[in-house]
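**Student:** Here it is, the structure in full.
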Amino acid sequence: MRLPFKADPHLYRDESKGWGFPSLMERTKAPPPCLTAPPSEVSKDLAKLLDEGVPSADVLILVGAESFAAHSFVLWMRCRELHDQITSSSCITIPDSDVQAAVIRDLLHYSYTDTLPGMDDLDSAQKAAKIRALLPAAVRYKIDRLKLLCESMLCTSLEAGTVVATLAVAEQLQLTTLRSACIKFIAAAAGQIE
Numbered sequence: 001m002r003l004p005f006k007a008d009p010h011l012y013r014d015e016s017k018g019w020g021f022p023s024l025m026e027r028t029k030a031p032p033p034c035l036t037a038p039p040s041e042v043s044k045d046l047a048k049l050l051d052e053g054v055p056s057a058d059v060l061i062l063v064g065a066e067s068f069a070a071h072s073f074v075l076w077m078r079c080r081e082l083h084d085q086i087t088s089s090s091c092i093t094i095p096d097s098d099v100q101a102a103v104i105r106d107l108l109h110y111s112y113t114d115t116l117p118g119m120d121d122l123d124s125a126q127k128a129a130k131i132r133a134l135l136p137a138a139v140r141y142k143i144d145r146l147k148l149l150c151e152s153m154l155c156t157s158l159e160a161g162t163v164v165a166t167l168a169v170a171e172q173l174q175l176t177t178l179r180s181a182c183i184k185f186i187a188a189a190a191g192q193i194e
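Position 15 (the sequence shown) corresponds to 15 in full-length UniProt numbering; numbering is contiguous.
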C-alpha cells in the first residue's frame, strides 16, 4: 500500500526550493536562435522579372495600343485563363473595349508579386475606382484571391461618394457579400448618399 503523496517517505518535496520537473524544464530551455532567416524575396525577384520584361519574356500581351511583356510560366501558374489565350505566335490580344490597359498592368503586377500595385498617392475615391476596375478582371480571369482581396477592400472602404458605383459593380458581377455591405451602408447613411 502506497502512502499519500505528501506522506510518502521516498519522495523529496521542498516547495520553497522549486525542485522538480517543472523547474528542471525551466532551466533547460534552449537559448533563442542566434540567426534568423530573412524574409522571402520571391515577390521582389518576380517584380524585377516583370519590370525587365523583354529580355526573358516569351509572351506579348496587346491591349489596344499598349503592349506588355510577360512570361508564360507565370501566367500558367497565376492566371490560367490568360495563359490559355496565348496564340501560336506567343501573343495575347485583348480588345481595349473588354479590359483597359491599366487594368491588365495591375493584373500582371498582382500575378507576379501577389500584391496590389502601390496606391499611396491616390485618395480614397481614386483607390476605390482602381479596385472597382480591377475586380471585373479578377472575376473574368478567375483569379480568386485577387477577387476576394478587391471585394474585401471595397467592403471596408465604403464612402457616401463611392457606394453607388461599388453597388453597381457588385450587382453586375453578382457579388452578394459586397452587395450586402453596400446596402447596409446605404441604409445606415441614407441622408448622405449622392
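Beta carbons: idealized from backbone N, C-alpha and C, even for Gly.
#1: Tell me whether residue 106 is buried or exposed, calling it buried when 16 or more other Cβ atoms sit within 10 Å of its Cβ.
#2: Given a cut-off of 7 Å on the beta-carbon distance, is the pair residue 159 and residue 178 in contact?
#3: If we ignore side chains and look at the alpha-carbon of each, how far apart do residue 103 and residue 35 end up?
#4: Which residue comes first and which comes last in the alpha helix (DSSP H) that contains residue 93?
#5: If you draw a straight line from the alpha carbon of residue 75 to that of residue 129, how long is it in whole angstroms?
#6: I'd like the span of the alpha helix (DSSP H) that includes residue 183, first residue to last.
#7: Could you tell me whether the Cβ atoms of residue 114 and residue 40 are closer together than 7 Å?
#8: Could you tell me if residue 164 is buried or exposed, where buried requires 16 or more neighbouring beta carbons within 10 angstroms of its beta carbon?
#9: To the nearest whole angstrom, what separates the beta carbons of residue 86 and residue 72, a pair I think is in contact under 8 Å?
#10: Can you say whether residue 61 is buried or exposed, counting buried as having 16 or more other CB atoms within 10 angstroms of its CB?
#11: Residue 111 and residue 78 look like a contact to me (Cβ under 8 Å); what is the Cβ gap, rounded to whole Å?
#12: Name the residue from 58, 65, 100 and 66 whose alpha carbon lies nearest to the alpha carbon of residue 91.
#13: From what residue to what residue does the beta strand (DSSP E) around residue 158 run?
#14: Use the C-beta contact count for residue 131: other C-beta atoms within 10 angstroms, 16 or more gives buried, fewer gives exposed.
#15: If you draw a straight line from the alpha carbon of residue 142 to that of residue 37, how long is it in whole angstroms?
#16: In its own chain, which residues sit with a C-beta less than 8 Å from the C-beta of residue 125, not counting the 5 before and 5 after it?
#17: Should residue 156 go down as buried or exposed, given a rule of 16 or more other Cβ atoms within 10 Å for buried?
#18: Three-state secondary structure (DSSP) at residue 66?
**Tutor:** On the basis of the data shown:
#1: Translated into the one-based positions of the sequence shown, residue 106 becomes position 106. Buried, by the Cβ-count rule.
#2: Walking along the sequence shown from the start, residue 159 turns up at place 159. Walking along the sequence shown from the start, residue 178 turns up at place 178. Contact: no.
#3: As a working note, residue 103 is residue 103 in the sequence shown. As a working note, residue 35 is residue 35 in the sequence shown. Their backbone Cα atoms lie some 42 Å apart in a straight line.
#4: As a first step, residue 93 must be located in the sequence shown, where it is residue number 93. From DSSP, residue 93 is part of no alpha helix (DSSP H) but of the beta strand (DSSP E) over 91-94.
#5: To locate residue 75, count along the sequence shown from 1; it is residue 75. To locate residue 129, count along the sequence shown from 1; it is residue 129. Going from the Cα of residue 75 to the Cα of residue 129 covers about 25 Å.
#6: Within the sequence shown, residue 183 is the residue found at index 183, counting from 1. It spans 176-188 - the alpha helix (DSSP H) in which residue 183 sits, taken as one unbroken run.
#7: Counted from its first residue, the sequence shown places residue 114 at position 114. Counted from its first residue, the sequence shown places residue 40 at position 40. No.
#8: If you number the sequence shown from 1, residue 164 lands on position 164. By the neighbour-count rule (16 or more Cβ atoms within 10 Å), residue 164 is not buried but exposed.
#9: Position 86 of the sequence shown holds residue 86. Position 72 of the sequence shown holds residue 72. With 8 Å as the limit, residue 86 and residue 72 qualify as a contact, their Cβ atoms being about 6 Å apart.
#10: Indexing the sequence shown from 1 puts residue 61 at position 61. Label assigned to residue 61: buried.
#11: For the purposes of this step, residue 111 is identified with residue 111 of the sequence shown, where counting begins at 1. For the purposes of this step, residue 78 is identified with residue 78 of the sequence shown, where counting begins at 1. The Cβ separation is near 4 Å, so the contact holds.
#12: By one-based count along the sequence shown, residue 91 stands at place 91. Here the closest residue by C-alpha is 58.
#13: Counting from 1 along the sequence shown, the entry for residue 158 is found at position 158. No beta strand (DSSP E) contains residue 158, which DSSP labels as neither H nor E.
#14: Here residue 131 corresponds to residue number 131 of the sequence shown, with the count starting at 1. Its Cβ being crowded by 16 or more others within 10 Å, residue 131 is buried.
#15: The sequence position of residue 142 within the sequence shown is 142, counting from 1. The sequence position of residue 37 within the sequence shown is 37, counting from 1. Approximately 34 Å, taken between the alpha carbons.
#16: Here residue 125 refers to the residue found at position 125 of the sequence shown. Only 159, 161 and 162 meet the Cβ criterion.
#17: For this step, residue 156 is matched to residue 156 along the sequence shown. Classification of residue 156: exposed, given that the 10 Å Cβ count is below 16.
#18: The count along the sequence shown starts at 1 and reaches residue 66 at position 66. Three-state result, residue 66: strand.
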